[in-house]
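J.: Handing you this structure, nothing more for now.
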Amino acid sequence: MIITLNEHTTEQQKTEIISYLKSYGVNISVIEGTMLSVIGLVGDTFSIDIKSIQAFHFVKDVQRIAEPYKKVNRMFHPLDSIVAVDGIKIGGDNPIAVMAGPCSVENEMLLDETAFEVKRAGATLLRGGAYKPRTSPYSFQGLGIEGLKLLKAMKEKYQLPIVSEIMDGNLLPEFEKYVDLIQVGARNMQNYQLLKALGKAQKPILLKRGFSNTIEEWLMSAEYIVTSGNSNVILCERGIRTFETATRNTLDLSVIPIVKRKTHLPIVIDPSHATGDWRLVEAMSLAAIAAGTDGLIIEVHNHPEKALSDGAQSLTYQNFAKLMEKGRQIAQVVGRKF
Ligand code: PEP
Ligand code: MN
13 MIITLNEHTT EQQKTEIISY LKSYGVNISV IEGTMLSVIG LVGDTFSIDI KSIQAFHFVK
73 DVQRIAEPYK KVNRMFHPLD SIVAVDGIKI GGDNPIAVMA GPCSVENEML LDETAFEVKR
133 AGATLLRGGA YKPRTSPYSF QGLGIEGLKL LKAMKEKYQL PIVSEIMDGN LLPEFEKYVD
193 LIQVGARNMQ NYQLLKALGK AQKPILLKRG FSNTIEEWLM SAEYIVTSGN SNVILCERGI
253 RTFETATRNT LDLSVIPIVK RKTHLPIVID PSHATGDWRL VEAMSLAAIA AGTDGLIIEV
313 HNHPEKALSD GAQSLTYQNF AKLMEKGRQI AQVVGRKF
């Protein structure tokens, strides 16, 4: 961290800020220029709040040189983290994990049929929302605990670990019981109480990027979970809000190589919520594989027009199977197991 002091900063003010900075236990060097003085800090600067330094009225500027996150930073953990979801390893050079299933769990028959079909096509996890974050309170809100129980039954029947979204930290015991990978949705990426609660979970976490959040904010949210005790975090890009209206969101595929440079955590791509349009899901999935994704999460519904949520972006069984076939080919070209 580099702190620049204003011209005319007195010796007493310098002593004051230096003794404040020393309380953080960092190494301090002062460079005296003819006009300005610069203080360089090295060491564990993560807990220093830039704003508190800017509050000294004789401080001209403060800049961080290292990222504000530590545990998820690749600098401190050069090897890829591998996250095991009920025995399925995600990240590193493990096979690309495909999580597929309906947006919402609707009923047992449909979930059973979908689980069978996605498994047959090669999916490795079953997705399904039981607690749905809907924009309208009048829309289908999900089956709640009954939905989680149905998912668990399908897991046992088809040997497909389950991914499902949590919205309320008080439900963590139920999620621990029924779900293998606990999803934090885009709307809750900065719900810090929830993130801290999930830091105490025994199950891995799928952390979606908020639709208006920077990569740094997203990684800081991952840092909350890891620093609260749970290092099993997988990131998920699901599109961000831009001025473009042709798609539901804009899929930021460049995050794959960027995130891989910045962090050791695995990343998966959600082309369904990113595009909002089933016609775009295959192309974006293949592009994500080519760009180095560790996994995909895809919505599948065989009667999209009757789906209780997100039908327009859901693939039929047949289209999902086609995507899987092409995915295998692209993965082979880029030297990734699928
Ligand atoms: C979902 O996965 O069903 C979902 C609601 O996703 P997001 O939080 O990305 O909108
Ligand atoms: Mn959905």
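Numbering (the working numbering), first residue to last: 13 to 350.
Heads up, the beta-carbon is just placed ideally off N, CA and C, and yes, glycines get one too.
All figures in this text were calculated on a predicted structure; none of them were measured in a lab.
Buried or exposed, going by whether 16 or more other CB atoms sit within 10 Å of the CB of residue 189?
T.: The residue in question, residue 189, is exposed, as its Cβ has fewer than 16 Cβ neighbours within 10 Å.
J.: Using C-beta distances below 8 Å, list every residue in its chain close to residue 17, excluding the 5 sequence neighbours before and after it, in chain order.
T.: 25, 26, 29, 48, 49, 50, 51, 70, 71 and 72.
J.: Work out the CA separation of residue 200 and residue 277 for me, nearest whole Å.
T.: C-alpha separation (whole angstroms): 19 Å.
J.: How long is the line joining the alpha carbons of residue 62 and residue 94, rounded to whole angstroms?
T.: For residue 62 and residue 94, the distance between alpha carbons rounds to 33 Å.
J.: Starting from residue 72, trace the beta strand (DSSP E) both ways and give me its first and last residue.
T.: 71-75 is the extent of the beta strand (DSSP E) around residue 72.
J.: Taking the alpha carbon of residue 89 as the reference point, which residue from 329, 296, 273 and 64 has its own alpha carbon closest?
T.: Ranking 329, 296, 273 and 64 by Cα distance to residue 89 puts 273 first.
J.: Would the beta-carbon of residue 285 be found less than 8 Å away from any heavy atom of the ligand MN?
T.: Within the cutoff, so yes.
J.: Closer than 8 Å: is that where the CB of residue 325 sits relative to any heavy atom of the ligand MN?
T.: Within the cutoff, so yes.
J.: Per DSSP, which residues does residue 305 bridge with? Please list them.
T.: Residue 305 pairs with nothing; no bridge assigned.
J.: Taking just the CA atoms, how far does residue 207 sit from residue 223?
T.: So the alpha carbons of these two residues sit roughly 17 Å apart.
J.: Please classify residue 157: does DSSP put it in a helix, a strand, or coil?
T.: Three-state DSSP puts residue 157 in a helix.
J.: Beta-carbon within less than 8 Å of residue 163's beta-carbon, same chain only, minus the 5 sequence neighbours each way: which residues are those?
T.: Result list for residue 163: 117, 123, 138, 140, 142, 174, 176, 190 and 191, in chain order.
J.: In the DSSP output, which residue or residues are listed as bridge partners for residue 49?
T.: According to DSSP, residue 49 bridges with 17 and 44.
J.: Return helix, strand or coil for residue 175, following the three-state DSSP convention.
T.: Residue 175: strand per DSSP, three-state reduction.
J.: How would you label residue 91, buried or exposed, when you count the other beta carbons within 10 angstroms and need 16 or more for buried?
T.: Answer is exposed; the Cβ neighbour count stays below 16.
J.: Any idea what DSSP makes of residue 111, helix, strand or coil?
T.: The answer is strand: DSSP assigns residue 111 an E or B state.
J.: Is there at least one non-hydrogen atom of the ligand PEP closer than 8 Å to the beta-carbon of residue 228?
T.: Because no heavy atom of the ligand PEP lies under 8 Å away, the Cβ of residue 228 does not count as near it: no.
J.: Compute the minimum distance between the beta carbon of residue 264 and the heavy atoms of the ligand MN, and state whether it is under 8 Å.
T.: False, no ligand heavy atom lies under 8 Å from that Cβ.
J.: May I ask whether a heavy atom of the ligand SAH can be found less than 8 Å away from the beta carbon of residue 92?
T.: Looking for the ligand SAH in the displayed structure turns up nothing; the ligands present are the ligand PEP and the ligand MN.
J.: Using the rule of at least 16 other Cβ atoms within 10 Å of the residue's Cβ for burial, across every protein chain shown, is residue 169 buried or exposed?
T.: Result: exposed.
J.: For residue 253, which beta-bridge partners are listed by DSSP?
T.: Per DSSP, none; premise fails for residue 253.
J.: I'd like to know whether the C-beta atoms of residue 301 and residue 111 end up nearer to each other than 9 Å.
T.: In this structure, residue 111 does not lie closer than 9 Å to residue 301 by Cβ.
J.: Can you tell me whether residue 159 is buried or exposed? The criterion is at least 16 other CB atoms within 10 Å of its CB, across all chains shown.
T.: By the neighbour-count rule (16 or more Cβ atoms within 10 Å), residue 159 is buried.
J.: Taking only the alpha-carbon atoms, compute the straight-line gap between residue 209 and residue 279 and give it to the nearest angstrom.
T.: Straight-line Cα distance between these residues: approximately 22 Å.
J.: Quick one: give me the first and last residue of the beta strand (DSSP E) that residue 139 is part of.
T.: Per DSSP, residue 139 belongs to the beta strand (DSSP E) from 137-139.
J.: Return the chain-ordered list of same chain residues with a C-beta closer than 7 Å to the C-beta of residue 241, the five sequence neighbours on each side being excluded.
T.: So the list reads 211 and 212, once near-sequence residues are dropped.
J.: With distances taken Cα to Cα, identify the nearest neighbour of residue 318 among 119, 179 and 103.
T.: Comparing Cα-Cα distances from residue 318 to each of 119, 179 and 103, the minimum goes to 119.
J.: Hey, quick one: how far does the alpha helix (DSSP H) through residue 324 stretch, first residue to last?
T.: No alpha helix (DSSP H) contains residue 324, which DSSP labels as neither H nor E.
J.: So, with DSSP's three-state summary, where would you put residue 189?
T.: DSSP places residue 189 in helix when its eight states are reduced to three.
J.: Counting only runs that start and end within the segment 275-303, where is the beta strand (DSSP E) found for 3 or more residues in a row?
T.: For the segment 275-303, whole beta strand (DSSP E) runs of length 3 or above, ordered along the chain, are 279-281.
J.: Return the chain-ordered list of same chain residues with a C-beta closer than 6 Å to the C-beta of residue 329, the five sequence neighbours on each side being excluded.
T.: Counting only Cβ-Cβ distances below 6 Å, and skipping sequence neighbours, we find 129 and 314.
J.: To the nearest angstrom, report how far apart residue 108 and residue 79 are at their CA atoms.
T.: Approximately 28 Å between the Cα atoms of the pair.
J.: Between which two residues does the beta strand (DSSP E) containing residue 38 stretch?
T.: First-last for residue 38: undefined, no H or E at that position.
J.: Rounded C-beta distance between residue 303 and residue 269? I'm assuming under 8 Å.
T.: At roughly 7 Å, the Cβ-Cβ gap stays under 8 Å, so residue 303 and residue 269 are in contact.
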